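To start, the structure itself, in structure tokens.
Number of protein chains: 4
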Amino acid sequence: MNFHALTRARTFAMTSTVLVTGFEPFDGRDLNPSWEAVVRLAETWSGPLHTARLPCVFGAAIPTLQTAIEVYAPDLVVCVGQAGGRHTITPERVAINVDDARIPDNAGNQPVDVPVVADGPAAYFTRLPVKACVAELRSAGIPATVSQSAGTFVCNHVFYGLMHLIATRYPGLRGGFVHVPYAPEQVVDGTGPSMSIDMISRGLAIMLRTSLSTPVDVLLSDGALS
Amino acid sequence: MNFHALTRARTFAMTSTVLVTGFEPFDGRDLNPSWEAVVRLAETWSGPLHTARLPCVFGAAIPTLQTAIEVYAPDLVVCVGQAGGRHTITPERVAINVDDARIPDNAGNQPVDVPVVADGPAAYFTRLPVKACVAELRSAGIPATVSQSAGTFVCNHVFYGLMHLIATRYPGLRGGFVHVPYAPEQVVDGTGPSMSIDMISRGLAIMLRTSLSTPVDVLLSDGALS
Amino acid sequence: MNFHALTRARTFAMTSTVLVTGFEPFDGRDLNPSWEAVVRLAETWSGPLHTARLPCVFGAAIPTLQTAIEVYAPDLVVCVGQAGGRHTITPERVAINVDDARIPDNAGNQPVDVPVVADGPAAYFTRLPVKACVAELRSAGIPATVSQSAGTFVCNHVFYGLMHLIATRYPGLRGGFVHVPYAPEQVVDGTGPSMSIDMISRGLAIMLRTSLSTPVDVLLSDGALS
Amino acid sequence: MNFHALTRARTFAMTSTVLVTGFEPFDGRDLNPSWEAVVRLAETWSGPLHTARLPCVFGAAIPTLQTAIEVYAPDLVVCVGQAGGRHTITPERVAINVDDARIPDNAGNQPVDVPVVADGPAAYFTRLPVKACVAELRSAGIPATVSQSAGTFVCNHVFYGLMHLIATRYPGLRGGFVHVPYAPEQVVDGTGPSMSIDMISRGLAIMLRTSLSTPVDVLLSDGALS
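Chains as they are written, first to last, in the UniProt record's numbering: chain A, 1 to 226; chain B, 1 to 226; chain C, 1 to 226; chain D, 1 to 226.
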């Protein structure tokens, strides 16, 4: 979003400290491409970068994230999750204050229409330059689109939790969420489209670099008619 | 959303006054199923019902809606729009405070990443019992799902405008937005799925009845994983 | 296909005798829109029309069809089947000589890569004017496209069986297959797109009229890139 | 297809001579992933392998293919084409005797409903072990499914042309067609799903090895309901 400053005070550099999170597998699957790509990213990123693997559990995931923020004191936080069925890397525009689980999470919880944060605002916009990220990803030959919804499962839960932490406790922190496609090995029988872990991890590196170097997001039409 | 009361004060009855809006055609098309279905609905609804046809124009659409609210003093407002590509009737859960137009509107405007209402909150949740609506639609044999995003074009613009009016000027008003599929005659060459105008208008009647008779929404899982 | 005559000898009229078949439900469902639409069609068709409900069973379905052909001596046979996931009425272009069942049929059979007719040709083209049918359906506001594959389940099995009967025993018979979408009541939770039984049955009537009045198919591009 | 022998006489080995073809770009695009992947494959394949880049032109493509067969005298021919919109590698099961072009080819031809080969049979089944290929691709973590239709554009045209050449002139030749997804760089804006050229070329190598080592195809259910 370019109509509010993405951060209030800090300037960023490639030497800024970065925290990137992925998720453990869920829905009975063996791997989660978000975590696989984060591991790969950490092997190649040259600046200070920390990673955390979040549980796919309502409630527990946010304290795990908060602990990592406390411990690592990052300048930038990017949370990554799996969006089965999508075929592009999709930086998320907005987190909404609702949990509505179509399936149980990894602890068996299945909340329906409860807020992530009681008395929290209805939504938070990302504090990542999502349009600049999409432009840079495309320039590098990586399919990318802005997403208008992170769903209502644990991914949106963590995204909302992160933005609420930024709004209430870490005002100088830049952060947001990005969804990534299935890895090919998850969908060998054609269940859905996929993207290689290598391409996803290169895409995440581009998002980090762009987020660190873009003080105000660019103007690029990438909305949805509905 | 069941975690906040859908309205603050009023009780509703089938004799309550209803305002239903549709849109004029856009994107070079000859008809808009939202308006066709509203016209059909008005022919069969037995209670006091008013209709308005909104221009598909950023900015102008909201004052047109507000004038209708002023003139008709409805208890319930349901705005209807076309969602090309969807195959269910989709009550919208949340309106977000951003215009990001992939194509020009009918006046040639193409805003990118500007707020609907400067200094408005990031989002408003619907004040319709969307889960109860979906349950009743399905019981009647009509495909329906809750949508987590109304997009970033004129539909979301009007939805946000409506909810902002409710929040700031008409606190007792119940209202929200629903997207409907293409009509069959729009997509005879198979461009996308469709639903008959007759089924859409019957669906809208069900939504009105459900919205007038449901003080607190039901708990029904209908979220999205991503 | 316009490069071979659709039939060898006969001329047709609206007084010609027609046989239309649908299928019983399969895959654990309660209804099959193909049969529902055939029943509706029979209520409104003014000429001589016979119907048959075929079992969704490899092997058994073809003798049931052949018996109906023997008993009713039709001039035109149109077999109708459900194609879950499609959103148009799709006259089929070609039947192929293979059974390959992704799920068991209603008798528990699940053949894999066996021919429909041993020593039969690899495929038969339809003997319906599928392009003219599509043009007439679209003119009536009904979404329609030619399909290049009837799959490898019982629908293709019956289609191949019909065309083999025509080729080997009933050379003057005109016939073919058309797939239709889910009915709305089958997919109320949004599993897939749908079309009303009323529209499907009107579409079938158009296909019958067009098939009876079109000696040579029209030239209309409606192929697939892949 | 396992119900006919894939070839009549020859035995194959990894030292057999292989011809692999790709296509030039079409539909206004800058690259064709089929050719890019073939070039990559040729860099890594250890046995005797020849390649040919076919024009995306009805009529001209088949003589180009035939010349390559004459010159290189291959034991195995695999033709590769782009299937925009698919997300798996799809060995094709059957070629049909019809050209029906939705768009003009690269020479401006747009045939509608004319046969590939006058008086040719309606269809030919592939002479590749497509089920074994799919099984091996999946074992290697590469998404793959059998396709029941190669469309009606130049890809099917070449596929039918190849199978007709095998049937009429080169009875010992094993051959068939495989469609591959868009490359990521073709769809950076999210137009459709994609697969990396690296994965496609590894997939083609697996198809060659499997085709050379599988005398009779395996039984694996991979059909389509419709």
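Backbone N, C-alpha and C define an ideal beta-carbon position, used for all residues, glycine too. Remember, predicted model here, so these are calculated numbers, not experimental data.
Under the Cβ criterion (8 angstroms, minimum of three pairs), the segment 161-179 of chain B counts as touching the segment 67-74 of chain B. Any Cβ of chain C closer than 8 angstroms to the Cβ of residue 144 of chain B would place that residue at the interface, and such an atom is present. The Cβ atoms of residue 34 of chain A and residue 146 of chain A lie no closer than 8 angstroms to each other. Buried is the label assigned to residue 226 of chain D, since at least 16 other Cβ atoms lie within 10 Å of its Cβ. CA-to-CA, the gap between residue 184 of chain D and residue 224 of chain A works out to about 21 angstroms. The Cβ neighbour count for residue 151 of chain B, taken over all protein chains shown within 10 Å, is at least 16; the residue is labelled buried. Counting only runs of 4 or more residues that sit fully inside the segment 157-224 of chain B, the alpha helix (DSSP H) segments are 197-213, in chain order.
When Cβ pairs closer than 8 angstroms are counted between the two stretches, the segment 99-111 of chain A is seen not to touch the segment 201-216 of chain A, the count staying below three. Taking the Cα of residue 121 of chain D as reference, the smallest distance to any Cα among D/84, D/161 and D/107 is reached at D/161.
Listed in chain order, the beta strand (DSSP E) runs fully inside the segment 115-146 of chain D are 123-125, counting runs of at least 3 residues. Judged by their CB atoms, residue 187 of chain B and residue 143 of chain C are nearer to each other than the 8 angstroms cut-off.
Put simply, the backbone Cα of residue 50 of chain D is about 35 angstroms away from that of residue 189 of chain D. Residue environment: residue 136 of chain B is assigned as buried (16 or more neighbouring CB atoms within 10 Å of its CB, all protein chains considered). Under the 8 angstroms criterion on CB atoms, residue 194 of chain A is classed as interfacial with respect to chain D.
In the DSSP assignment, residue 61 of chain D falls within the unbroken alpha helix (DSSP H) covering 61-72. Between the beta-carbon of residue 20 of chain C and that of residue 57 of chain C there is about 19 angstroms, and that puts the pair past the 8 angstroms contact cut. In the DSSP secondary-structure assignment, residue 77 of chain D is bridged to D/19 and D/175.
For residue 41 of chain D, the enclosing alpha helix (DSSP H) starts and ends at 33-44.
Using a Cβ-Cβ cut-off of 8 angstroms, residue 171 of chain C does not count as an interface residue toward chain D, since no Cβ of chain D sits closer than that to its own.
Per DSSP, residue 96 of chain A is one residue of the beta strand (DSSP E) stretching across 94-96. Between residue 96 of chain D and residue 118 of chain D, the gap from beta carbon to beta carbon reaches 8 angstroms or more.
Only 87 and 88 from the segment 77-105 of chain B bring a Cβ to less than 7 angstroms from some Cβ of chain C. Residues of chain B with a Cβ closer than 7 angstroms to the Cβ of residue 121 of chain A are, in chain order, 121 and 122.
At a cut-off of 8 angstroms, the C-beta of residue 184 of chain A has a neighbouring C-beta in chain D. Interface annotation, residue 18 of chain C: not in contact with chain B, CB-CB separation never under 8 angstroms. Comparing alpha-carbon positions, the option among D/109, D/171 and D/195 lying closest to residue 182 of chain D turns out to be D/195.
If you check the CB distance, residue 76 of chain C and residue 211 of chain C come in under 8 angstroms. Judged by DSSP in its simplified three-state form, residue 57 of chain B adopts coil rather than helix or strand. Taking the beta carbon of residue 155 of chain D as reference, the chain C residues within 9 angstroms of it are 225 and 226, listed in sequence order.
Between the C-alpha atoms of residue 208 of chain B and residue 128 of chain B there is a straight-line separation of about 9 angstroms. As DSSP reads the structure, residue 91 of chain D sits in a beta bridge with D/178. In this model, residue 158 of chain B and residue 32 of chain A are separated by some 38 angstroms (Cα to Cα). A distance below 7 angstroms between beta-carbons, with the five flanking residues on each side excluded, links residue 156 of chain D to the following residues of its chain, in chain order: 95, 96 and 150. Beta-bridge analysis with DSSP links residue 100 of chain D to D/112.
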